[in-house]
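Quick notes on the structure that follows.
Numbering (my numbering), first residue to last: 1 to 317.
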């Protein structure tokens, strides 16, 4: 994994802080890149002190104020932890206060795909030319996997051939968020689609245990940018407008959670009893993280109303 090279007056401190976080068991690569952005801000300001002041932090936050609530909070959290760690070594440095939990009312809303939209996306993602796909169906298989399992796009792109256990219909997520491992059981249709894709793969490229499951036309691991560009083209073909608030690749994950909840409603399952299982399957630390994905989609509202109506009717007879 490529390391981040800090260049500001706090370069050494930042590098030591990243090593400290990694020593605690965190990968911390994405957070290091956020810290690097602050590092470059200090360079641009020609800041030379080893003790960053409150105005310096405030000036930086003004430059990222355009970010969504979650993005801004991620930046703030990294700098808050760094400033607290730095205060152990630089006693006159300003320590950022801990922020309260993210106000999700200002977060970017999820786009909940309809069943017809999902079908259109999967159908239209199968028609890319050979100039765009080395392995036929690479994008269709990727989007299908995102929808049917709810895995994160980064987790999907990191999969290797060894991570797919064909005879058990299992996907092994080796390094999920927070470095958590988990196994996901595929549905029969998802496993069949993946098996068909792998058969095409073997006719074009040698398939080793460490071979990336999804590759680009240069036989390299498929990147997020390539997947995103294909996603946008597929949305256009499907007549789904893309704007600043969605849809995103991550919205497949939201649709998965809504779909699972809807199935439980239809079978009159105890939702509260099942949420811990869904939380584990999605790789969340706790149930509160899973609840974010349970948006009030029209299908869920209708199912909830029908369930309440049936319950009410049965109890007033």
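Where a beta carbon is used, it is the ideal one built from N, C-alpha and C, also for glycine.
C-alpha distance - residue i paired with residue j, whole-angstrom precision
| i | j | result |
| --- | --- | --- |
| residue 89 | residue 75 | 22 Å |
| residue 285 | residue 279 | 8 Å |
| residue 7 | residue 15 | 10 Å |
| residue 135 | residue 201 | 6 Å |
| residue 3 | residue 13 | 15 Å |
| residue 267 | residue 188 | 20 Å |
| residue 231 | residue 131 | 16 Å |
| residue 125 | residue 234 | 6 Å |
| residue 50 | residue 94 | 11 Å |
| residue 239 | residue 148 | 22 Å |
| residue 215 | residue 66 | 34 Å |
| residue 196 | residue 213 | 13 Å |
| residue 44 | residue 34 | 16 Å |
| residue 57 | residue 21 | 21 Å |
| residue 163 | residue 175 | 11 Å |
| residue 118 | residue 247 | 12 Å |
| residue 158 | residue 192 | 20 Å |
| residue 224 | residue 199 | 24 Å |
| residue 55 | residue 9 | 17 Å |
| residue 24 | residue 87 | 19 Å |
| residue 270 | residue 292 | 19 Å |
| residue 142 | residue 283 | 19 Å |
| residue 123 | residue 229 | 17 Å |
Local conformation of residue i per DSSP, three classes
| i | result |
| --- | --- |
| residue 246 | strand |
| residue 136 | coil |
| residue 109 | coil |
| residue 172 | strand |
| residue 258 | helix |
| residue 165 | strand |
| residue 55 | helix |
| residue 193 | helix |
| residue 293 | coil |
| residue 199 | helix |
| residue 96 | coil |
| residue 221 | strand |
| residue 45 | coil |
| residue 101 | Only weak support is given to the placement of residue 101: the predicted model assigns it a pLDDT of 49, under 50, and the question is left unresolved by the model. |
| residue 184 | strand |
| residue 215 | strand |
| residue 160 | strand |
| residue 88 | coil |
| residue 14 | helix |
| residue 275 | helix |
| residue 78 | helix |
| residue 155 | helix |
Nearest residue (CA-CA) to residue i, options the options
| i | options | result |
| --- | --- | --- |
| residue 98 | 82, 112, 110 and 113 | 82 |
| residue 36 | 242, 78 and 170 | 78 |
| residue 52 | 92, 209 and 69 | 92 |
| residue 253 | 224, 263, 239 and 290 | 290 |
| residue 319 | 143, 17 and 11 | Nothing about residue 319 can be read from this structure; the chain reaches only from 1 to 317. |
| residue 256 | 167, 145, 183 and 237 | 145 |
| residue 190 | 162, 117 and 151 | 151 |
| residue 220 | 73, 160 and 64 | 160 |
| residue 179 | 23, 18, 17 and 27 | 27 |
| residue 121 | 249, 23 and 9 | 249 |
| residue 153 | 181, 222 and 218 | 222 |
Neighbour-count burial assignment, residue i, 16 or more Cβ in a 10 Å radius
| i | result |
| --- | --- |
| residue 101 | Unreliable positioning characterises residue 101 in this predicted model, as indicated by a pLDDT of 49, which lies under 50. The coordinate reading is nonetheless provided below. Counting Cβ neighbours within 10 Å, residue 101 comes out exposed, since fewer than 16 surround it. |
| residue 259 | buried |
| residue 115 | exposed |
| residue 251 | buried |
| residue 62 | exposed |
| residue 140 | buried |
| residue 109 | exposed |
| residue 133 | buried |
| residue 46 | exposed |
| residue 209 | exposed |
| residue 39 | buried |
| residue 42 | buried |
| residue 165 | exposed |
| residue 204 | exposed |
| residue 184 | buried |
| residue 261 | buried |
| residue 207 | exposed |
Proximity test, Cβ basis, 8 Å: residue i and chain B
| i | result |
| --- | --- |
| residue 198 | Although the question refers to chain B, the structure presented lacks it and comprises just one protein chain. |
Cβ neighbours of residue i in the same chain (closer than 7 Å, five flanking residues each side left out)
| i | result |
| --- | --- |
| residue 274 | 264 |
| residue 84 | 95 |
| residue 287 | 275, 276 and 279 |
| residue 32 | 4 and 18 |
| residue 60 | 38 and 41 |
| residue 237 | 124 |
Cβ-based neighbour list, residue i, same chain, cut-off 6 Å, excluding 5 preceding and 5 following
| i | result |
| --- | --- |
| residue 186 | 169 |
| residue 155 | 173 and 176 |
| residue 226 | 216 |
Any non-hydrogen atom of the ligand NAP within 7 Å of residue i CB
| i | result |
| --- | --- |
| residue 162 | The ligand content of the structure shown is nil, which means the ligand NAP is not present either. |
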